[in-house]
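Trainee:
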Amino acid sequence: MNTLSKNTAWKGRRGPLLLVIMDGVGYGKYKEGDAVQDAKMYTLTKLTASCPHTSLKAHGTAVGLPSDDDMGNSEVGHNAIGCGRVFAQGAKLVGQSIATGAMFQGKVWKTIVERVKGKATLHCIG
1168 MNTLSKNTAW KGRRGPLLLV IMDGVGYGKY KEGDAVQDAK MYTLTKLTAS CPHTSLKAHG
1228 TAVGLPSDDD MGNSEVGHNA IGCGRVFAQG AKLVGQSIAT GAMFQGKVWK TIVERVKGKA
1288 TLHCIG
């Protein structure tokens, strides 16, 4: 996992700094079929040509999801940006808690098991 670290080559800048988060906007590798590249966003094109900028990965392990095949969403991206680091999200949290056994140690799990023991079937889906 990549972690944030200080860029010692960057000396800062005078004046304001603007953070723009564009939900639903993704930059693909190929122009064909890429709605962002086809949109002719003149202002954004001018700004990216004349101002320092970057794009961030907003899916998979970069935002705390189990694998890079997992599509990101607004919530996990905002969590990573707001925290300044990546925390495990959703299915990854569940997978980790099963792997470590932590899921089966909690009060809620033990209560569920006691309630269904000998009386019902517990279905776990996920």
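According to this note's numbering, the sequence shown holds residues 1168 to 1293 in order.
Yeah, the Cβ is synthetic: ideal placement off N, Cα and C, and Gly gets one too.
Just so you know, these numbers come straight off a predicted model, no measurement behind them.
1) Let me know if Leu1232 comes out buried or exposed under the rule of 16 or more other beta-carbons within 10 Å of its beta-carbon.
2) Under the three-state reduction of DSSP, which class applies to Ile1248: helix, strand or coil?
3) So Ser1222 and Tyr1194 are supposed to be a Cβ contact under 8 Å. How far apart are they, rounded?
4) As a quick exercise: from Glu1242, Asp1236, Arg1180 and Ser1234, pick the residue whose alpha carbon is nearest that of Gly1191.
5) Considering Gly1227, what are the terminal residues of the alpha helix (DSSP H) in which it resides?
6) With C-beta atoms as the reference, is Val1230 less than 7 Å away from Gly1251?
7) Keeping to the same chain, check which residues put their C-beta closer than 7 Å to that of Gly1285; ignore five residues upstream and five downstream.
8) Mind checking Ala1266: buried by the 16 CB within 10 Å criterion, or exposed?
9) Would you call Gln1256 buried or exposed, if buried means 16 or more other Cβ atoms sit within 10 Å of its Cβ?
Mentor: The structure says:
1) buried
2) helix
3) 5 Å
4) Glu1242
5) Careful: Gly1227 lies outside any alpha helix (DSSP H) and carries neither H nor E.
6) Going by C-beta atoms, Val1230 is not nearer than 7 Å to Gly1251.
7) For Gly1285, same chain residues with a beta-carbon under 7 Å away, outside a window of 5 residues either side, do not exist.
8) exposed
9) buried
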